[in-house]
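First the structure, in the form of C-alpha cells, and then the observations on it.
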Amino acid sequence: MNPRINIDVEHRSNVAVVKVAGEVDLYSSPELRKAILSQAEKRPSRLVVDLSGVQYMDSSGVATLVEGLQKLEQNGGELVLCGLGDMVQEVFKLTRLDSVFQILPSLEEALAEESAGA
Amino acid sequence: MNPRINIDVEHRSNVAVVKVAGEVDLYSSPELRKAILSQAEKRPSRLVVDLSGVQYMDSSGVATLVEGLQKLEQNGGELVLCGLGDMVQEVFKLTRLDSVFQILPSLEEALAEESAGA
Amino acid sequence: MTRSDHIDPNSVELLIPSDPRFLAVVRAVLRETAEMQGWDARELRAVTLAVDEACSNIIRHSYKGRADMPIWVKIRTLQGEIRVELRDLGEKIDPAKLRPRDLDDVRPGGLGIHLIRSLMDEVTYDLSEPEGNRLILVRKKSRQHEPED
Amino acid sequence: MTRSDHIDPNSVELLIPSDPRFLAVVRAVLRETAEMQGWDARELRAVTLAVDEACSNIIRHSYKGRADMPIWVKIRTLQGEIRVELRDLGEKIDPAKLRPRDLDDVRPGGLGIHLIRSLMDEVTYDLSEPEGNRLILVRKKSRQHEPED
Ligand SMILES: Nc1ncnc2c1ncn2[C@@H]1O[C@H](COP(=O)(O)OP(=O)(O)O)[C@@H](O)[C@H]1O
Ligand SMILES: Nc1ncnc2c1ncn2[C@@H]1O[C@H](COP(=O)(O)OP(=O)(O)O)[C@@H](O)[C@H]1O
Numbered sequence: 000m001n002p003r004i005n006i007d008v009e010h011r012s013n014v015a016v017v018k019v020a021g022e023v024d025l026y027s028s029p030e031l032r033k034a035i036l037s038q039a040e041k042r043p044s045r046l047v048v049d050l051s052g053v054q055y056m057d058s059s060g061v062a063t064l065v066e067g068l069q070k071l072e073q074n075g076g077e078l079v080l081c082g083l084g085d086m087v088q089e090v091f092k093l094t095r096l097d098s099v100f101q102i103l104p105s106l107e108e109a110l111a112e113e114s115a116g117a
Numbered sequence: 000m001n002p003r004i005n006i007d008v009e010h011r012s013n014v015a016v017v018k019v020a021g022e023v024d025l026y027s028s029p030e031l032r033k034a035i036l037s038q039a040e041k042r043p044s045r046l047v048v049d050l051s052g053v054q055y056m057d058s059s060g061v062a063t064l065v066e067g068l069q070k071l072e073q074n075g076g077e078l079v080l081c082g083l084g085d086m087v088q089e090v091f092k093l094t095r096l097d098s099v100f101q102i103l104p105s106l107e108e109a110l111a112e113e114s115a116g117a
Numbered sequence: 000m001t002r003s004d005h006i007d008p009n010s011v012e013l014l015i016p017s018d019p020r021f022l023a024v025v026r027a028v029l030r031e032t033a034e035m036q037g038w039d040a041r042e043l044r045a046v047t048l049a050v051d052e053a054c055s056n057i058i059r060h061s062y063k064g065r066a067d068m069p070i071w072v073k074i075r076t077l078q079g080e081i082r083v084e085l086r087d088l089g090e091k092i093d094p095a096k097l098r099p100r101d102l103d104d105v106r107p108g109g110l111g112i113h114l115i116r117s118l119m120d121e122v123t124y125d126l127s128e129p130e131g132n133r134l135i136l137v138r139k140k141s142r143q144h145e146p147e148d
Numbered sequence: 000m001t002r003s004d005h006i007d008p009n010s011v012e013l014l015i016p017s018d019p020r021f022l023a024v025v026r027a028v029l030r031e032t033a034e035m036q037g038w039d040a041r042e043l044r045a046v047t048l049a050v051d052e053a054c055s056n057i058i059r060h061s062y063k064g065r066a067d068m069p070i071w072v073k074i075r076t077l078q079g080e081i082r083v084e085l086r087d088l089g090e091k092i093d094p095a096k097l098r099p100r101d102l103d104d105v106r107p108g109g110l111g112i113h114l115i116r117s118l119m120d121e122v123t124y125d126l127s128e129p130e131g132n133r134l135i136l137v138r139k140k141s142r143q144h145e146p147e148d
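Residue numbers (numbering that gives the first Met the number 0), protein chains in the order written: chain A, 0 to 117; chain H, 0 to 117; chain D, 0 to 148; chain F, 0 to 148.
Here it is in C-alpha cells:
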C-alpha cells in the first residue's frame, strides 16, 4: 500500500513491539498512527516502538509518537522508543522530546528492561 | 572531485585492473575515459575493467569502453570486462556489444583466465 | 513552463502537486543537488527536514489538505549555502499564527515552525505576493551557531 | 514559474540546467515517482536510461555542450504507463540525422537513439515548436514486445 514505510507488530507477554522501517513523513505517518493507536487500545503495560529501520522522520512522525505516549499513559502503560538512528535522534533533540520519551539504544535493551522491571 | 564515480587502478604483472564504482553517465564518463586511456598507453597485454561497483551506465560509458577496447586491440592487447550487474548487462545486450567484448563474471575469473592463458 | 534563455547553472526548479506522496521527490532532489556540492550528511539532513516541514505546512495549512494544487520548489545550491524558495497559490499565511508552540507544552503537532527556524539561518515569509505565499529558506554551510546541538 | 490553479495530481515538472551534473537529479525524480506507482526495478531502469540518453542528446546536440541552458522534464506516472516530456530551447533537430547507427559498425558513440527507441513504446519528436525541441517518451507497463530480451 505505502511503499515508504513498513510496519510489523509483535507481542511478547504483555509487551507490544511495533517495528517501523522506512521514511516517516506526512504521507506515511498516518499508517504509523493507525498501528500505534490500535496497539494502545489493547492497553499493553508497555509498547516498544523500534525505530532502528527508520532513516527519516519529520514532525508528523514525532506528533504520532507523542499521541501514542499520551494514549498509553492515560491507560497506565508506558511507551518506550528504541533504535533511534542519527537523523531521528536529531529530531528528538531539536524538539526537546528526548527528555519526554523513554529512549533505549536497542530492542534487546527495551525488552530486558521490561523483565528487570517486572 | 566527482562524487558520482570512484576509480581505482591496480597492476598485477602485465595486467592492469581498473575498478569502477558508482554511476557512469555523461558527467562521470570523462573520468573513466581518462583512466582507461592512460592505462591503454602503457600497452598492457590485458586490461580488466571491473564494473562490479557500477549500478548505472549510459551510452557514454559504453562508448568509453568501446574506445578503450579499440585502443588496446590496436596495440595487440585485450580488454576484458567483469562484474556486470543487471543494469550494465542490459545496456550491453541492448547495444549488442555483449558479443563484442570479452565479459567474465568476476575479477577472480578475469585474472585466473589470464594465468591459464599465459 | 516559462521560457528564457540561459539560466542559473546552480539551480533546479521542481513543481509538485500538493500531495504528501511527492514529499519524497523533493527530498530526493535535495539529496542529489547537495551531494553535487559536497554537502555532508548532517547538513543535508537539516535542510531536508526544514524544507519537508515547510512543504507539509503548505499542504496542510495553505491548501487545507487538497492534493492537486501546485507547489514550486526552487533549489539553489552553492558550495557555501543552500537556498530554497517555496511558492504556493493557497490561502495567505496569517503571520500572527506563525508561532512555534511552547516546547514544554507537550502535545502532538505544533513543531514545524520551530524545526524550520532551528535548522535554517534565514527564514523569510514574503507576504507581498498578490496570490499565495513565498517562503525563502537559507542555510549556510558550517554556520557558527548550531542550535541543534 | 507558471501559475494555474489545480494541477495534474500525477505529474511533476523539473527544470534543470543543461549540465551533465544534473542528470542524476532527473534519475532520482524518476526513481521516486516510479516507486510511488509500484513500478518494478527493471521497468524503472529502462525508463531511466531512455530519459537520460535523451537529456544527454539535448546537452550535446541541441545545446552543443553549453551548461547553462534550460531543460524541462515533465514526468507523468500512472499505474499503467509513464510519460516523459522533454523540452529545450536549443538548435532544432534535423530529423534526417536522428538515426540509430548500424550496430554492427562498432565505434564509440551513436547508441543513444537506438536505446531510446528500444526502451520506449512511443518516441515522438514534436517539431512544431516555434523554438527548440519537444520529445515525448512513453513506456507502458508490462508491454507485449520486449526487445531488450
Ligand atoms: N504554509 C502555511 N500557511 C498558513 N499557515 C501556516 C503555514 N505554515 C504554518 N502556518 C501556521 O503556523 C502554525 C504553526 O505551524 P507548525 O509549527 O508547523 O505546527 P502545526 O502545523 O502542527 O500547527 C500552524 O498551525 C498554522 O496556523
Ligand atoms: N536533441 C538533439 N538535437 C539535435 N540532434 C540530435 C538530438 N538528439 C540526437 N540528435 C542527432 O541524432 C544523432 C544520433 O544520436 P545518438 O544515437 O544519440 O548518437 P550520438 O549522440 O552518439 O551521435 C546525433 O549524432 C545527432 O545528430
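For glycine and all other residues, C-beta sits at the position ideal for the given N, C-alpha and C.
Taking 8 Å as the cut-off, is the beta-carbon of residue i closer than that to any non-hydrogen atom of ligand 2?
| i | result |
| --- | --- |
| glycine 89 (chain F) | yes |
| glutamate 130 (chain F) | no |
| arginine 65 (chain F) | no |
| leucine 93 (chain H) | no |
| proline 99 (chain F) | yes |
Per DSSP, what kind of secondary structure is residue i in: helix, strand or coil?
| i | result |
| --- | --- |
| asparagine 132 (chain D) | strand |
| serine 12 (chain A) | coil |
| aspartate 101 (chain D) | coil |
| valine 99 (chain A) | coil |
| isoleucine 92 (chain F) | coil |
| asparagine 74 (chain A) | coil |
| asparagine 9 (chain D) | coil |
| methionine 86 (chain A) | helix |
| aspartate 87 (chain F) | strand |
| threonine 94 (chain H) | coil |
| glutamate 147 (chain F) | Residue confidence is low: glutamate 147 (chain F) scores 46 on pLDDT, short of 50, so the model does not pin down where it sits. Its coordinate-derived value is still stated next. Of the three classes helix, strand and coil, the one that applies to glutamate 147 (chain F) here is coil, per DSSP. |
| aspartate 7 (chain A) | strand |
| leucine 80 (chain A) | strand |
| threonine 1 (chain D) | In this prediction, threonine 1 (chain D) scores a pLDDT of 44, lower than 50, which makes its location untrustworthy; the coordinate-derived value is nonetheless stated afterwards. Of the three classes helix, strand and coil, the one that applies to threonine 1 (chain D) here is coil, per DSSP. |
| glutamate 57 (chain H) | The question names glutamate, but residue 57 (chain H) is aspartate in the sequence shown. The answer is coil: DSSP assigns aspartate 57 (chain H) none of H, G, I, E or B. |
| arginine 20 (chain D) | helix |
Does residue i have its Cβ less than 9 Å from a Cβ in chain A?
| i | result |
| --- | --- |
| glutamate 104 (chain D) | This sequence places aspartate at residue 104 (chain D); glutamate is not what is there. Not an interface residue. |
| glutamate 34 (chain D) | no |
| leucine 22 (chain D) | yes |
| serine 55 (chain D) | yes |
Shorter than 9 Å from the beta carbon of residue i to some beta carbon of chain F?
| i | result |
| --- | --- |
| valine 28 (chain D) | yes |
| leucine 93 (chain H) | yes |
| arginine 3 (chain H) | yes |
| isoleucine 81 (chain D) | no |
Counting contacts by CB-CB distance shorter than 9 Å, is residue i in contact with chain D?
| i | result |
| --- | --- |
| glutamate 12 (chain F) | yes |
| asparagine 132 (chain F) | no |
| leucine 88 (chain F) | yes |
| alanine 20 (chain A) | no |
| alanine 62 (chain A) | yes |
Using a threshold of 8 Å, is the CB atom of residue i nearer than that to any non-hydrogen atom of ligand 1?
| i | result |
| --- | --- |
| histidine 113 (chain D) | yes |
| histidine 60 (chain D) | yes |
| lysine 33 (chain A) | no |
| alanine 23 (chain D) | no |
| isoleucine 57 (chain D) | yes |
| glutamate 66 (chain A) | no |
Give every residue of the same chain whose Cβ lies closer than 8 Å to the Cβ of residue i, excluding the five residues on either side of it in the sequence, and list them in chain order.
| i | result |
| --- | --- |
| glycine 52 (chain A) | Asn5, Lys18, Val19, Ala20, Gly21 and Gly82 |
| valine 61 (chain A) | Val90, Phe91, Thr94 and Leu96 |
| glutamate 77 (chain H) | Ser44, Arg45, Leu46, Leu71 and Gln101 |
| glycine 84 (chain A) | Leu50, Ser51, Val53 and Gln54 |
Sorted by chain position, which residues of the same chain lie with C-beta nearer than 6 Å to residue i's C-beta, five sequence neighbours on each side aside?
| i | result |
| --- | --- |
| glutamate 12 (chain D) | Lys73 |
| proline 99 (chain D) | Ile112 and His113 |
| phenylalanine 100 (chain H) | Leu80 |
Can you check whether the CB of residue j is closer than 9 Å to the CB of residue i?
| i | j | result |
| --- | --- | --- |
| aspartate 120 (chain D) | arginine 133 (chain D) | no |
| lysine 63 (chain D) | glycine 89 (chain D) | yes |
| alanine 109 (chain H) | valine 65 (chain H) | no |
| valine 50 (chain D) | valine 28 (chain F) | no |
| serine 141 (chain F) | arginine 75 (chain F) | no |
| valine 8 (chain H) | alanine 39 (chain H) | no |
Whose C-beta lies closer than 7 Å to the C-beta of residue i among residues of the same chain, with five residues either side of it excluded?
| i | result |
| --- | --- |
| alanine 66 (chain F) | Pro16, Ser17 and Asp18 |
Nearest chain H C-beta to residue i closer than 9 Å, yes or no?
| i | result |
| --- | --- |
| isoleucine 58 (chain F) | yes |
| aspartate 67 (chain F) | no |
| aspartate 51 (chain F) | yes |
| asparagine 9 (chain F) | no |
| arginine 98 (chain F) | no |
- Which residues, in order along the segment 110-140 of chain F, keep a beta-carbon less than 9 Å from a beta-carbon of chain B? Absent from the structure: chain B. Protein chains present are A, H, D and F.
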